[in-house]
Each structure stands twice: as structure tokens, then as C-alpha cells.
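Inspection log for the structure reproduced underneath, given as C-alpha cells.
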Amino acid sequence: MAKASIKDQGDSYVHAGQNNNLISSDLAAGTGTGTGAGKPIAAALHKGGNGGDAAADKNGGGGSSGSGGTISSDTHFYGQSPPVYPSPNMTGTGLWADASSKARDMVGKMTLAEKISLTSGVNSNTSCSGFTPSIPRLNFTGLCLSDAGNGLRATDFVSSWPSGIHVGASWNKALAFQRGAGMGGEFRTKGVNVLLGPVVGPAGRVVLSGRNWEGFSIDPYLAGSLVSETVSAIQGVGVITSTKHYIGNEQESYRSPFGDTEAVSANIDDRTMHELYLWPFQDAVHAGSGNIMCSYNRVNNSYGCANSKTLNGLLKTELGFQGFVVSDWGAQHAGVATTLGGMDMAMPGAGVYWGEHLKSSVQNGTVPETRIDDMAMRIIAPWYQMGQDQGFPTPGIGMASDLTKPHKIVDARNSSFRSTLFDGAVEGHVLVKNIRNALPLNSPKLMSIYGYSAKNPDQNTPTSGSSSWTFGAESYSWSEFFAGFFTGSAAGDIPIAFNGTIYSGGGSGATSQSLAVSPFDAIVQQAYDDGTALFWDFTTDSPGVNPMSDACFVFGNAFATEGIDRPSTHDTYTDGLVKHVADRCNNTIVVLHNAGIRLVDQFVDHPNVTALIFAHLPGEASGKALVSLLYGKSNPSGKLPYTVARNESDYVGLGPDLPEGEFAKFPQSNFTEGVLVDYRHFDAKNITPRYEFGFGLSYTTFNYSNLSVQKTVANSSSSSSAALFDQYPTGAVLEGGQADLWDVLVEVAADVGNTGAVDGAEVAQLYVGVPKKGEAPVRQLRGFEKPFINATQTATVRFALTRRDLSVWDTVAQRWSLLRGEYTIEVGGSSRDLPLVGKVTI
Ligand code: BGC
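Quick note on UniProt numbering: the sequence shown kicks off at 1 and runs consecutively.
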């Protein structure tokens, strides 16, 4: 992977008050809603100027291509993504039979114009992100589609849920389900038919990608398990999920065409596609996701929303997907090619390609009307499937178009999910260092609190139109956000949100908190009750420190947002603040709200840094959850859903790929590392991480014993039993692929004992090593369970390994292949702490 222009934060920060470039560039953005970006700390963080630099950066790649000849036509790439036509009709089999027959009935009564009206968005008097019109004569009410996977955005009376990365760090399937149910219920109450989430792409291949925080984990199994729970729960309350972004959307730089440069192409081989990137989408489809959003980027040099291989081939044929494919907003770059390539709905509108043009393409015979019928069927069937034809709130009813004008209050929050918001916030915190019993706190007399990220941002209020508030950038720089998100002209230059704590990342996946408790709010409350003295300083990088403090806290963050890749994995300002405080306070506890991987080697070995928490993106209960952990009312149970390296160079893919050489106009991102990302790469190359995938501390200790590994006994009365251990699956394609991919072939059990003095939950993890050593990762996660175990008690965890879990993708047979030979089964508390090892031969 080419190294992008990751701006090293170096030592070039200027100190408070020396530079106020941001003030002018914020105003230049013309919105007047910048979040205090002219503050001294902002100036101290911005390295050398305004968005103009970044724009120059981004254009720069093309200019350097030189004499070697720049490819100027995409015919050069023809055939790299195999053609798969025609677009398969929905089959309406299995669980979709009823919905599909009702849809067939309704679509049968539609005129061509009505069918076409379903396939793109129109303006509405709501703040829905997208809106398809109703067809009153057929009692079709239309669809409101809205962001996103971490809570309903840009409206009032909704909750800020823990973000995807936080759910990933909690490793808790039941909690992920509850979150989905609570969140989905809010969308429903507001009349949102389609929730634009959850996210499993980006997966996290590019460490600095701006949107990794929206998804659960770089590990396909972890992401797949959590997306399955999330889809089931959201759709269980009648809201269609739009699992996104399909597929290979691993970086924000050049995600869309810019000037005369096309969007980046994610070049992914067949095996990597199946074993890594498609895997969690497969789980989402298996769980019944009614909608999939095709992505901005190109895949093997064909646009994601016109790619017949990924849409017609992988999704609609191999995975048997029954719902509709919606374009990401503005991701449609062709008419007939997208229609025949498998896209079913264009958002936010028909634009220059569909609408009347789609109609003409049918009338002039370029597109068969049967394709339009299938598009309509795929859109109407999920509406029936989720029961939206009966008693569903009017689309967009709670989505006032302008919150600064009087509007009807639709309070979507449901008090019965308050504990889910709280538990979700607690469980995504990962404690990675805790020495000299720093935590939990023991009746401190004096605490000192430092850092820009302890408190709330100064604003949490809607505006008329777009603002920091609508995109979760209240604590960040509006100008930086604006340039990256709306003009596509900025590379990220500011690594942190310097105006306050963060509850989510930024962009369309941001949350809109109706209320949020910052870490500082909650600490003050607790200190007040306990009579603890408190000092604080949120603004300076070299604050005074009272050496008599029982504990000093430093709060920092690592911000990330849609539209911009992050500039670095750490920042000098925050690292310097930690070191400054640690030099003066012998019990310095660091809390980082990180919207992605954050390296800590600059300070973590400082002898006075006694504890470190990766606090991720907890949502509105952030401060409450943190205080509960700090004071030992909750026991930490989160584990890292990614690897924290010692050095940036330890990662296989750090930054985004940029246009270079002959590909100046067609940027290429070659996924040549294959499936060896994150811990698979560290294992393969024998690199010692700082904190490994799956690692996290508790206030208690656990031990593992009694591993049992059993092959499933084929039940001769079951028709599939004879083929249970055959090399290839033989089942019919249902949603998610061949049905027998989910047959359980091996059952594993182990005992987990709580050997400490505190009750707590432990994430027990199972990794499989397949027989093809050398060709496959050393180990891959294939099971996890999170029992809550009282002190001194033992729990038994059980894992069911399916045919898919034990197979590799066979690129010749185009099937999942169950290998013959000895499999290694490892069970333990992290990817590098696996005390139980067993074998099973197939
Ligand atoms: C994002 C999607 C989002 C859509 C609608 C796009 O910019 O990539 O994730 O759902 O906008 O807001």
C-alpha cells in the first residue's frame, strides 16, 4: 500500500494564541456556525494554514504523473471486474414468500411511471436523508430513509447510542441486540422506514480511515456477529436496515470522483473478498437485511453502484439477497450501467441518470421492463416484510425540517432503554493499563482534571440547515469538517476534537444527543457527593499541577469523520499534555475517547502513568459510564476490537492510497495483503503489538480450564447429515448463501473461573487455525462469549463452529471448501493469551 501523505504532527505545534488561521477559514466556509474554532487551542493544533493546503495536496498527485503516460480512459480497466448479467430477480423464497407475493400483487397494479417513482428520492418537507414518494391509490405510503447506524441524526428527542467501534469493544452480542431494538424503536417512532446503517464497510483495513469508528471491528467474525444481532433487532421492530457501504469502501480520500480524477478503486481478489470484506455483509443478509447501500468507491475498477460482479453476482446470486440496493448519496455515475448492474434505488434523487431517462431506456428497449419490475418488487417487499403496511407511523412524522421553527414534538426516546444506553457505554471502555491499584479509585481527597476532552463542547443546539450539530462536529473544527465533507477538497489535518469531549465521530454517522453527560459533568457530581476537592484546566498544554492530588486525569481524544482520513495515529499536543502532567503527578490516569486506533507509545511507559482507558465513543451516557468504572461500581469488561501497535510502521495499511504515476486519474488501492490485516498480519510477521486484538483488563482475574472439542454427531435421520463433513456445501441458496454453511460441525466448551475478588464479565475468545498453514492466517476469531461471573465462581462457555467458520474460499470451485486435516482450536482471554489448545481432525 502506498504511504499517503500522513502529516506527521512533529513538533511544529505553535502554542496558544500564536495562530488564528482557523477563524478566517471557518468564516470563509460561509456558515457562521463554527464551533469556537478561533480558540487558542485550535490555533495551536492546526498545522500550517487552512483547507487550501489540503486541496493542493489532493490535486498534487495527478500533476506528478509525468512523462510515463497517464491512463486517460477507463477502457484500460475493462474486464478487471467480471461482467455478471442479467440482474437476478428476487426469488421470494423462504421467509420472504409472503412479502414477495404481496409485493408482486401491488407492483402488478403499478404503471411504469409509478414503478420508476419508487426508484429514486424526491424532496420532502422533512429532514429525512432520503424520501421516496407515496402511491396513494395503492396505499403505498412512501419511504423515509435516514442516518444512521449509531442513532437518528439531525433531529430532536432521540438518543446518542454508543457508536459501532464501542459496540465492537463491548464484544457483547446480547447488548448489541438490545441497542438495535432501542435504536430501531426510535427510528420507528419518528417514522423512519429505512435506517441507513449498520456499517460493516469500512472494515478498518486503512488504520487512519475516517469512518472506521462507524463499524464494529476489522475482524469479519466479530463484525459479522454484531451486525447480525443489530439487523435482527432493528428489523424486529419493523425498521428496514441499510447495511453499508458495499463494498471495499476502506478510505475517505478519493472516495468519490474529484475534478477529472475518478474514485479510488479497491482492488480485491476473490478469496480476500469472500473471507474478509464480504463476510460481515453475508451475516447481515443472512439476518435478513432488507436493504444494502452500494458504496462510492470503485471495486476492481468498476463503480460500486454499477458493479455487476459485486451486485448481481456476489450479493444477489451467491448470497441470495432479496431486498433492494440503494446508492450511497450521489454514488450513481451512470444510467443503464447501474440499472443492469443491479442497483435498485438512486439517492438522494434521480439526478441526471434515472427518472425520465430510466423510463426512456425502457421505452427504447435498452432496459427490459422486467428489470424495473424487479426493482419495484425489491423495494416493496421489504416494506411488507417489516410490516410497514400496517400501523407504521407516517414517514418522516418526527423529522421536522427545521428545528429552529415551531414543530410537533415527537419524543422517540423510550425510558425502558436507558439501562441499555448506560450498559452499552460502560462495556465499550477498554482498560489497558492499571498499575499500583490506580483504579478503581479509593476515596480520593483531591483530584485534578486536565485536557480539552473532559468537558462538553460549548454548543449543543440545532441550527437551520447544516452545522456542526447536524454532523457531530461540535468539538471539532467546522471549517475542516466542511472542506472535507462538502467540497471533497481537504485531507485531514487536525487529529483531535479540541473543543470538548466526543460522543460519536463526525459526518452522516454522527449522533444527535438530546442530552449528554460529559466525563467532567459526572466527575463533578460524584466529587460533590463525596466531598472530594477538584482542580481543573481544559485549555493549557502545561497546566499547574497540585502534587498532593490523589489522582490526576488527562482527557484526550482522537477524532475521525466521514469525508476525511485522519492525519495521524497520535498527536503531539495530547501526548505532551500527558507527559507534562505525569512529570508532576505520580498517579496520572489517561482517558482517550478514540474514534479509531490511537497509539500511545509516546507516554504509556511513563512510570507515573498508572492507568489508561480507551474510552471510544460511548454516546450520551459517556460520563455516567466512566464514573461508574472509575469508582468500581462497574467492572471493566471491554476488549480491543483491533490491534494497538507500538509503531505506525507495524501496520500493513496505515494511510489511504492516493493517485500516483500512470494512475493519476484512476487512483488504485491494491489489497495485496489479502486477508492478513490487523492481528492476522501481526501473527504472520511475528510483530509484538503494544496491546493485542482482544485484550482488555478487568478489576478481577480469570482462568481458563477444561477445554472440550467435539465433532457434531451426524444425525442419520436428518437429510443433510450424510453430507455434514463433505468438502463442499450442497444446500440451496437462501438469504446469506447456501443454507448448510450454517450447519454446526464442531462444538467446543471451556470453563472460565473468576479467580479474583470482584464480580465481572469476561470475553472468552475462540480462534481457529485451519490445516493449510502458511496459506491461511495463523489463527482467526471464530467464537466469543461474554459470561458475567461472580467472584470465585466458574462459568462454562460453549461455541458452535459452523461449516463456514471452518472453511476457506475455493477460488476454483467458487464454493466454501472444508479442508481435510487437523484444525487447531485455541480458547482464552485475548488473541495472544490463549491457554487452552485443542485439536480436531476433519
Ligand atoms: C454517507 C452514507 C449516508 C448518506 C446519507 C453519505 O454521505 O456515505 O453513509 O447514509 O450520505 O446521509
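Ideal Cβ positions, reconstructed from N, Cα and C, are used throughout, including at glycine.
Asked                                                                                                                            : Found
Beta carbon of threonine 501 nearer than 9 Å to that of phenylalanine 555                                                        : yes
Runs of alpha helix (DSSP H) wholly within the region 653-740 (minimum 4 residues, chain order)                                  : 679-684
The region 775-783 in contact with the region 799-806 per 3-pair CB rule at 8 Å                                                  : yes
Inter-residue spacing [alpha-carbon to alpha-carbon] between histidine 274 and tyrosine 704                                      : 33 Å
Contact the region 319-331 vs the region 87-103: 3+ CB pairs below 8 Å                                                           : yes
Under the three-state DSSP convention, the category residue 884 falls into                                                       : With the chain covering only 1 through 842, there is no way to say anything about residue 884.
Residues bridged to cysteine 294 (per DSSP)                                                                                      : Tyr246, Ser327
N-terminal and C-terminal residue of the beta strand (DSSP E) that valine 840 is part of                                         : 836-841
Leucine 196 Cβ short of 8 Å to the ligand FMN heavy atom set                                                                     : Ligands displayed in this structure: the ligand BGC; the ligand FMN is not among them.
Candidates Pro393, Gly655, Lys316, Lys190, of which the one nearest tyrosine 85 by Cα                                            : Lys316
Methionine 548 burial status per 10 Å Cβ neighbour count (16 or more: buried)                                                    : exposed
Host beta strand (DSSP E) of glutamate 747 (start-end)                                                                           : 744-754
Cβ separation of phenylalanine 559 and glycine 638, assumed to be a contact under 8 Å, to the nearest whole Å                    : No, phenylalanine 559 and glycine 638 are not in contact; Cβ-Cβ is about 20 Å, not under 8 Å.
Alpha-carbon to alpha-carbon, glycine 838 and glutamate 822                                                                      : 10 Å
Beta strand (DSSP E) runs wholly inside the region 395-419, at least 3 long, in chain order                                      : none
Rounded straight-line distance, which links the Cα of glycine 696 to that of valine 517                                          : 24 Å
Touching by the beta-carbon criterion (3+ pairs, under 8 Å), the region 216-231 and the region 614-634                           : no
Distance between serine 508 and arginine 153 (C-alpha atoms, nearest Å)                                                          : 7 Å
Local conformation of glycine 60 per DSSP, three classes                                                                         : Note on glycine 60: pLDDT 30, under 50, position unreliable in the model; the coordinate value appears next. Glycine 60: helix per DSSP, three-state reduction.
Bridge-paired residues (DSSP) for lysine 433                                                                                     : Leu612
Residue of Ala337, Asn123, Gly484 minimising C-alpha distance to serine 209                                                      : Gly484
The alpha helix (DSSP H) enclosing residue 845, as first and last residue numbers                                                : Residue 845 lies beyond the range of the chain shown here (1 to 842); nothing can be said about it.
Distance, serine 159 Cα to asparagine 150 Cα                                                                                     : 9 Å
Cα-Cα separation between valine 206 and lysine 408, rounded to whole angstroms                                                   : 43 Å
Rounded straight-line distance, which links the Cα of aspartate 810 to that of alanine 551                                       : 56 Å
Proximity to glutamine 602 [Cα-Cα], best of Ile613, Asp575, Val590                                                               : Asp575
Beta-carbon spacing of aspartate 650, phenylalanine 671 below 9 Å                                                                : no
Inside the region 442-486 only - alpha helix (DSSP H) runs reaching at least 4 residues                                          : 478-482
Selection from Arg378, Asp373, Glu262, Ala346 that minimises the alpha carbon distance to aspartate 74                           : Glu262
Isoleucine 165 beta carbon less than 9 Å from that of serine 217                                                                 : yes
From Pro83, Gln235, Glu762, residue whose alpha carbon lies closest to that of phenylalanine 788                                 : Glu762
Run of the alpha helix (DSSP H) containing arginine 782, from where it starts to where it stops                                  : Counting along the chain, arginine 782 falls outside any alpha helix (DSSP H), though it belongs to the beta strand (DSSP E) covering 780-785.
Chain-order list of residues whose beta-carbon lies under 7 Å from that of valine 362 (same chain, five-residue window excluded) : Leu112, Glu369, Ile372
beta-carbon aspartate 344 near the ligand BGC non-hydrogen atom, thresh 8 Å                                                      : no
Any non-hydrogen atom of the ligand BGC within 8 Å of valine 254 CB                                                              : Inspection of the sequence shows that residue 254 is occupied by tyrosine rather than by valine. Incorrect: tyrosine 254 has no Cβ contact closer than 8 Å to the ligand BGC.
Residues near serine 124 by beta carbon distance below 7 Å, same chain, minus five either side                                   : Phe131, Gly396
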